[in-house]
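Per our numbering, the very first residue in the sequence shown carries number 1319; after that it's consecutive.
Where a beta carbon is used, it is the ideal one built from N, C-alpha and C, also for glycine.
Okay, so here's the structure we're looking at.
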Amino acid sequence: MLERTVLEENLMLSAYVLKERLGGRKPAVGLVLGSGLNPLGNEIENAAYVPYAEIPRMKTSTAESHVGRFVCGTLGGKEVLCMQGRLHGYEGNNAQEVAYPVWLMERMGVEAIITTNAAGAVNESYEVGDFCMMADQINFTGRNPIAAADPANLSDRFFSMTDAFDEGLRAIAREVAQEENVRLQEGVYLGLLGPSFETPAEIRMFRGWGADTVAMSVCEEVIAARHVGLKMLGISLVSNMAAGIEGASPTGIEVLEVAKMREGDFKRLVTGIVARM
Ligand code: HPA
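Have a look at this one:
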């Protein structure tokens, strides 16, 4: 884990380069597009594209279906800074590396982030193809991006996670889902390191803990964002029933197929939310 001072210097350098490449664009909303959900990034107009690999001190995406670039431009009439693909812990990134682009987006002026992913449903009443807004999260990655040695005054080391997901943004999402006739569940999201899928015994345990969906991303991003005061909205696409639920045995292929099928509704839902933020 990096000392905070080093992290600070890295962010300054990354922000300097990204700002130059954005050519005066001033994004207000951040968007993180998860597995199979990257096509929405192609709808952004007047866009500037900056591959993560061209930003110093930042890792790049290696996961299938993750393009690995920032797309900055207009969506739903707003200036957005979109991560077309994310960084995962299962790619070998530590928690700070996963969280790094969130902090970078904050430096670019973003005030709120919509983070998205594909997830397995632990809640048996959910259906494949449903969207599920995160009401709260359980960070079961075993990692935390704020955990770092720092000799300087870290007065904000202990900060609240009681309002991880913003109630105002959730209200907007509910409205848009209703108007657009898109089924939007609301539940507790549990994030794991991966990359193996869970065992049925693990899923039964998570259900007992109150989890409704499960996947291998998001939690570290949300913690990092809340640490710097960014508002968060989290939306999962239920790509499969979690292991053992209705006999399910998830595969990566299934995740991408369902995302393709639900592409249209996902675009309308997210674009509609952005428009009202
Ligand atoms: N488990 C973990 N991660 C996932 C799943 C799942 O069932 N579906 C999509 N990402």
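With a cut-off of 8 Å on the beta carbons, I'd call residue i and residue j a contact; round off their distance for me.
{"i": "G1359", "j": "V1385", "result": "7 Å"}
{"i": "L1511", "j": "Y1408", "result": "6 Å"}
{"i": "G1391", "j": "E1363", "result": "5 Å"}
{"i": "C1537", "j": "N1457", "result": "4 Å"}
{"i": "A1533", "j": "V1420", "result": "The pair is not a contact, with the Cβ atoms about 17 Å apart (cut-off 8 Å)."}
{"i": "Y1444", "j": "D1583", "result": "Actually they do not touch by this definition, with Cβ atoms about 15 Å apart."}
{"i": "L1340", "j": "A1366", "result": "5 Å"}
{"i": "E1498", "j": "L1587", "result": "6 Å"}
{"i": "D1454", "j": "V1416", "result": "The pair is not a contact, with the Cβ atoms about 20 Å apart (cut-off 8 Å)."}
Tell me which residues share the same chain as residue i and place their Cβ nearer than 7 Å to its Cβ, disregarding the 5 neighbours each side in the sequence.
{"i": "P1469", "result": "Low local confidence applies: a pLDDT of 49 at P1469 is under 50, so the model's placement there is unreliable, with the coordinate-based value given in what follows. Contacts found: none."}
{"i": "K1549", "result": "E1429, A1430, D1484 and L1487"}
{"i": "N1462", "result": "A1413 and I1541"}
{"i": "R1580", "result": "G1447 and L1555"}
{"i": "T1459", "result": "G1407, G1509, L1510, L1511, C1537 and E1538"}
{"i": "R1602", "result": "Since the first and last residues shown for the chain are 1319 and 1595, residue 1602 lies out of range."}
{"i": "L1351", "result": "L1358, G1359, C1400, M1401, Q1402, G1403 and T1434"}
Looking at the strands, I want to know which residues DSSP matches up with residue i.
{"i": "T1392", "result": "E1363 and E1397"}
{"i": "G1552", "result": "T1433"}
{"i": "N1558", "result": "G1438"}
{"i": "G1348", "result": "L1399 and I1431"}
{"i": "M1451", "result": "E1504 and I1553"}
{"i": "A1542", "result": "In the DSSP output, where bridge partners are listed per residue, A1542 has none listed."}
{"i": "R1387", "result": "P1369 and Q1402"}
{"i": "T1531", "result": "A1439 and Y1507"}
Ignore the nearest five residues each way along the sequence and tell me which others in residue i's own chain have a CB closer than 8 Å to its CB.
{"i": "A1333", "result": "L1422, R1425 and M1426"}
{"i": "E1301", "result": "There is no way to answer for residue 1301, as the model of the chain reaches only from 1319 to 1595."}
{"i": "A1346", "result": "K1396, E1397, V1398, G1427, V1428, E1429, A1430 and M1595"}
{"i": "N1356", "result": "S1383, H1384, V1385, Q1402 and G1403"}
Near residue i, which residues of its chain fall below 6 Å by C-beta distance, leaving aside the five closest residues on each side in sequence?
{"i": "R1501", "result": "D1448"}
{"i": "I1464", "result": "H1545"}
{"i": "N1411", "result": "K1377 and L1405"}
{"i": "P1518", "result": "A1561 and G1562"}
{"i": "G1348", "result": "L1399, M1423, V1428 and I1431"}
{"i": "R1594", "result": "I1490"}
{"i": "I1591", "result": "I1490, A1491 and V1494"}
| message | Any residue with its Cβ nearer than 6 Å to a heavy atom of ligand 1 should be included. What is that list in chain order? | response | A1436, A1437, G1438, F1515, E1516, V1532, A1533, M1534, S1557, N1558, A1560, P1568 and V1573
| request: Enumerate, from N- to C-terminal direction, the unbroken beta strand (DSSP E) stretches of 3 or more residues contained entirely within the region 1454-1527. | output: 1502-1509
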